[in-house]
Amino acid sequence: MPNAVTATRGGDGVAVVSNRAPERTICVLDGHSLTCEKLMELSKGNVELTLSPAAWDKVNRGRHVIDQILDKKEVAYGINTGFGMFSDVIVAPDQLSQLQVNLIRSHAAGVGPPLSRERTRMLLALRVNVIACGHSGARPETVEKMLAAFNEDCLSVVPCQG
């Protein structure tokens with residue numbers, strides 16, 4: 006069933022538009038128990054995603070490891086070095102943000118028709134589920150934004166190749 010677009014007026018008089026389904030169940034991701042059946046359910050847009058407290062703890066601990074590496078000025082591949090043939094190039098602390106931007110840009114290309122909304126939802130749910138394991142070092146704020154995008158049905162256009 007397609008989501009209904011609803012508009013409500015907040016207390017400050019600002020109209021809020023949502024593409025969310027009116028009644029949704031909640032799926033708690035922990036990085037380990039997502040099934041194919043649940044993933045198919047997530048594709049339909051009537052399920053809200055959140056992380057379990059244990060998963061949030063893992064995300065926070067994973068990020069703490071990255072922060073410690075940076076604080077101690079240790080050299081770690083892909084964190085403060087280049088990638089691939091540039092892995093021996095140490096990136097200055099004031100250039101680390103640009104390194105991450107460049108990494109995203111280098112991977113932000115694709116061709117072909119866009120994936121369906123259902124497949125895009127599944128991809129986003131899978132990515133959040135992997136990050137919930139705590140091994141990526143992703144910032145908790147990044148995970149929060151990914152969850153918000155999924156839950157508000159604010160999806161990227163994802164080409165089928167690339």
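If you read the sequence shown in the numbering used here, its first letter stands for residue 6, the second for the next number, and so on. Glycine included, every Cβ here is placed at the ideal spot set by N, Cα and C.
CB-CB length for residue i against residue j, believed under 8 Å
i: residue 129; j: residue 154; result: 7 Å
i: residue 126; j: residue 160; result: 7 Å
i: residue 137; j: residue 35; result: 6 Å
i: residue 66; j: residue 139; result: 6 Å
i: residue 143; j: residue 64; result: 7 Å
beta-carbon residue i near the ligand ADP non-hydrogen atom, thresh 7 Å
i: residue 119; result: What this structure holds is no ligand at all, so the ligand ADP is not there to describe.
Residue i classed as buried or exposed, judged by whether at least 16 other C-beta atoms fall within 10 angstroms
i: residue 110; result: exposed
i: residue 56; result: buried
i: residue 97; result: exposed
i: residue 106; result: exposed
i: residue 162; result: exposed
i: residue 39; result: buried
Cross-strand partners of residue i (DSSP beta bridge)
i: residue 95; result: 86
i: residue 166; result: 116
Spatial neighbours of residue i in its chain, beta-carbon cut-off 7 Å, leaving aside the 5 residues before and after
i: residue 46; result: 52
i: residue 43; result: 32
i: residue 29; result: 51, 52 and 53
i: residue 134; result: 34, 36 and 39
Residues near residue i in its chain [Cβ-Cβ closer than 6 Å; skip 5 each side]
i: residue 123; result: 48
i: residue 114; result: 167
i: residue 88; result: none
Neighbourhood of residue i by C-beta distance below 8 Å, restricted to the same chain and skipping five residues each side
i: residue 80; result: 86 and 95
i: residue 75; result: 84, 85, 98 and 101
>> My parser needs the beta strand (DSSP E) runs of 3 or more residues fully inside the region 110-158; what are they?
In response: 116-119
> Quick one: complete beta strand (DSSP E) runs, 3+ long, within the region 27-86?
Replying inline: 30-34 and 52-56
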